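**Q** Using my numbering, read the sequence shown as starting at 37 and increasing by one per residue.
Quick reminder that beta carbons are idealized off the backbone N, C-alpha and C, glycines included.
Predicted model, so just to flag it, every value in this text is computed and none were measured.
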Amino acid sequence: MRTNKKNYLKLALVFLLCLFARLIPFRAPNVEPIFASVMPVSRAYGAFAGFSFAVFSILIYDAITGTIGVQTIFTAGVYGVIGLWATSYFKKQKANKWSYLRFAIIGTLFFDGATGLTVGPIFFHQSFINTLIGQIPFTMLHLLGNTVFAVILSPAIYNFMIKEKEKKKKVVSINIFNPKTI
């Protein structure tokens with residue numbers, strides 16, 4: 037299973053690329069590779085790495101951009117839950133674009149519901165109906181970004197992270213007692 041040594045340099049590289057992609061100016065705020073990265077990280081490195089990757093992706097970005105607030109705690113917490121959930125989900129699923137796509141759809145709806153429909157009404161005294169109406173286009177764009185990235189990036193990230201592991205598993209055996217194998 038995951039008995040081979042984990043390459044934390046690859047994990048750090050994926051984290052930094054994800055952070056730099058989020059720092060690109062003039063992009064849609066919810067079209068970002070975090071979700072697409074959390075899924076393969078959770079699958080390849082386990083619950084702690086998936087949780088940490090998700091939480092620190094939010095915390096470090098908000099610290100760099102000077103936007104730390106109550107939404108940071110909620111967003112980081114919910115992303116952490118998604119990192120844990122992804123670990124559980126992908127233990128039973130193959131690492132292919134369809135399983136990443138399914139998780140991205142369900143996870144995005146959970147994330148946007150848990151963060152988008154709570155923070156505004158609870159902490160910023162927005163009406164629930166206004167929050168819901170504003171959340172619809174945001175969630176549609178978020179779904180679009182996460183599903184496209186899940187199909188394209190998640191399998192590539194997973195393959196990048198486990199490439200060495202699969203090479204080590206290939207063993208050629210020759211039976212010297214059977215002349216047909218030589």
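#1: Taking 8 Å as the threshold, find out whether the stretch 48-59 comes into contact with the stretch 91-99 through three or more Cβ pairs.
#2: Would you check if the distance between the CB atom of Ala83 and the CB atom of Ala140 is smaller than 7 Å?
#3: DSSP three-state call for Leu180: helix, strand or coil?
#4: Determine whether the beta carbon atoms of Gln18 and Gly152 lie at a separation below 7 Å.
#5: Return the chain-ordered ranges of every alpha helix (DSSP H) run that is complete within the stretch 38-123 and spans a minimum of 4 residues.
#6: Compute the distance between the beta-carbons of Tyr136 and Met75, then report whether it is under 7 Å.
#7: Determine the DSSP secondary structure at Leu153, reduced to helix, strand or coil.
#8: Going by other Cβ atoms of all chains shown within 10 Å of its Cβ, with 16 needed for buried, is Asn166 buried or exposed?
#9: Which residues in the same chain as Ala85 place their Cβ atom closer than 6 Å to its Cβ, once the five residues preceding and following it in sequence are excluded?
#10: Using 8 Å for Cβ pairs, my map puts Phe164 next to Pro157. What's the rounded Cβ distance?
#11: Phe221 by DSSP, collapsed to three states: which one?
#12: Should Trp134 go down as buried or exposed, given a rule of 16 or more other Cβ atoms within 10 Å for buried?
#13: Cα-Cα, which of Ser73, Thr103, Ile104 is closest to Phe89?
#14: Quick one: grab the DSSP three-state call for Asn132.
#15: Anyone know if the C-beta pair for Phe71 and Asn182 falls short of 7 Å?
#16: Please work out which residues of its chain come closer than 6 Å, Cβ to Cβ, to Gly143, disregarding the five sequence neighbours upstream and downstream, and give them in chain order.
**A** In short, the structure shows the following:
#1: yes
#2: With contacts defined as CB atoms closer than 7 Å, Ala83 and Ala140 fail to qualify as a contacting pair.
#3: helix
#4: No statement about residue 18 is possible, as the shown extent of the chain runs from 37 to 218 and does not include it.
#5: 44-58, 70-81, 83-101, all fully within the stretch 38-123.
#6: yes
#7: coil
#8: By the C-beta density criterion, Asn166 is exposed, having fewer than 16 other C-beta atoms within 10 angstroms.
#9: Here the set comprises Val77.
#10: 5 Å
#11: Any question about residue 221 goes unanswered here, given that the chain covers just 37 to 218.
#12: exposed
#13: Ser73
#14: Three-state result, Asn132: coil.
#15: yes
#16: Excluding residues within five positions, the ones whose Cβ falls inside 6 Å are Ile118.
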